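Asks: Each residue of the sequence shown is one higher than the one before, starting from -12 at the first, in my numbering.
Ideal Cβ positions, reconstructed from N, Cα and C, are used throughout, including at glycine.
A quick note: this is a predicted structure, and the numbers were derived from the prediction, not measured.
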Amino acid sequence: MPIPDYAIYLIPLIFILTFYVGRRKKSEKKSVIQMNEAISQGLTEPASLHPVIDPVRCLGSGSCIRACPEQALGMIKGKAVLINPTHCIGHGACAAACPQDAITLVFGTEKRGMDIPQVDPAFETNVKGIFIAGELGGMGLIRKSASQGAQAMDSIVKLKGSANDYDVVIVGAGPAGMGAALGAIQHKLRYLIVEQEVSLGGAIFQYPRNKIAMTAPVKLPVVGEMHFKEVCKEKLLEWWLGIIEKTGIKINYNERMENVTPYDNGFIVKTSQSEYKTRSVLLAIGRRGTPRKLGVPGEELPKVVYRLIDPEQYRNMHVIVVGGGDSAVEAAM
Ligand SMILES: Cc1cc2nc3c(=O)[nH]c(=O)nc-3n(C[C@H](O)[C@H](O)[C@H](O)COP(=O)(O)OP(=O)(O)OC[C@H]3O[C@@H](n4cnc5c(N)ncnc54)[C@H](O)[C@@H]3O)c2cc1C
Ligand code: SF4
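This is the structure:
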């Protein structure tokens, strides 16, 4: 029997389709296994900003899965799903890659909830003179946090002056606090930065070794463009340190802000070291909180961490987990 002409096209088409469906089924099976593993280990809560995928809009293109450098997403029943919630670091590459706008980045989860403080477009809270920038205000990205910090200074410079020691006390030396310091220099504000850690960088300082950060170019005051797209943690910290050298930004390390009270036409900021009178305060403290320290020698070494981000880097090493609560048990597992 003669083979019909269309078979020349049909046979390869069937072959390609079978291959595609088989591959998709295999990858869906893998996603289900990974998701069940995460659930059985109780690793179901993303730490911070994370994607919520609208199943109605999602067409299962897989663009978000390919864009995610942390393997946090997978495909199940033809829809993208956050299968490894604790892997998600919230830089939003998935949302940017989705052709359907099916992904929203949110902080809160059903279990945990999350209140985002209310700030006006000038980054001022309902307490006049107290400003918020960066991740604390709901913006979980390096470049956006840095530019929000700088923009907050555009508002602070317009405040009516007072006889305080400072125009602004900046709390936190992460991207938002550093952007704010540059803004303060540009506007010739009398500023002070307090940082509870031994280094600048905020969350970046806590990334695993050699971690690649994905960002986009952003223009900052005084120094011009932060031109990185992909850059390892160490290089990024080096870049910020270079800026400190160039601009003379002074940071009070190891100094934790403890409370802020209204005073005259401004505030008194009480820290672990001192008290400062200031016209305004910028809270650039992120969302990672303040880890309780043991107060033992060696605690400042880079091998001591307060959050388990990438368990793989500790494979075949002896690790001590300090604590006996839920997070300690999760980390040990
Ligand atoms: C593992 C990981 C990977 C990430 N990867 C990317 C990425 O690739 N691209 C991207 O754009 N974003 C990434 N992010 C998110 C990004 O790092 C954060 O959005 C950004 O650092 C937020 O900046 P921030 O200045 O608002 O807060 P933070 O970076 O959290 O800085 C806050 C600072 O305030 C200090 N502080 C807090 N409380 C006090 C206090 N009471 N007194 C004094 N100091 C205080 C903290 O010690 C900290 O240094 C990642 C996050 C994580 C955890
Ligand atoms: S926010 Fe980043 S880490 Fe989280 S799922 Fe999207 S691409 Fe992956």
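#1: For ligand 1, any of its heavy atoms closer than 7 Å to the Cβ of Leu228?
#2: Is the beta carbon of Tyr178 sitting closer than 8 Å to the one on Tyr153?
#3: Do you know offhand how far Gly61's Cα is from Pro72's?
#4: My output table needs one value for Leu270: the three-state DSSP class, helix, strand or coil.
#5: Is Leu224 near ligand 1, going by C-beta to nearest heavy atom under 7 Å?
#6: Restricting to Cα atoms, I'd like to know which of Gly312, Ala34, Ala168, Ala150 is closest to Ser132.
#7: Among Lys66, Leu128, Arg294, Val181, which residue has its Cα nearest to the Cα of Pro162?
#8: Looking at Tyr240 and ligand 1, is the gap between the Cβ and the nearest heavy atom below 7 Å?
#9: The alpha helix (DSSP H) that contains Leu169, what's its start and end?
#10: I need the boundaries of the beta strand (DSSP E) containing Asp352, first residue and last residue.
#11: Taking only the alpha-carbon atoms, compute the straight-line gap between Pro(-9) and Ile(-2) and give it to the nearest angstrom.
#12: With Thr5 as the anchor, note down where its alpha helix (DSSP H) starts and where it stops.
#13: Tell whether a beta-carbon distance below 8 Å holds between Cys51 and Ala34.
#14: Is any non-hydrogen atom of ligand 1 found closer than 7 Å to the C-beta of Ser132, if you look at the structure I gave you?
#15: Within the present structure, is the beta-carbon of Tyr325 separated from the nearest heavy atom of ligand 1 by less than 7 Å?
#16: Leu69 lies in the beta strand (DSSP E); which residues open and close that run?
Replies: Quick look at the numbers:
#1: Between ligand 1 and the CB of Leu228, the shortest heavy atom gap is not smaller than 7 Å.
#2: Result yes, Cβ atoms of Tyr178 and Tyr153 sit closer than 8 Å.
#3: When rounded, the distance between both Cα atoms is 11 Å.
#4: DSSP places Leu270 in strand when its eight states are reduced to three.
#5: No.
#6: Each of Gly312, Ala34, Ala168, Ala150 was checked against the Cα of Ser132, and the nearest Cα belongs to Ala168.
#7: Answer by Cα proximity: Leu128.
#8: Tyr240: no, Cβ never under 7 Å from ligand 1.
#9: Leu169 -> alpha helix (DSSP H) spans 162 to 173.
#10: A question about residue 352 goes unanswered here, because the residues of the chain that appear run from -12 up to 320.
#11: Rounded to the nearest angstrom, the two C-alpha atoms are 11 Å apart.
#12: DSSP places Thr5 inside the alpha helix (DSSP H), whose first and last residues are -6 to 27.
#13: No.
#14: Because some heavy atom of ligand 1 lies under 7 Å away, the Cβ of Ser132 counts as near it: yes.
#15: The structure shown does not extend to residue 325, since the chain is modelled only from -12 to 320, so the question has no answer here.
#16: 66 to 69 is the span of the beta strand (DSSP E), which, as asked, contains Leu69.
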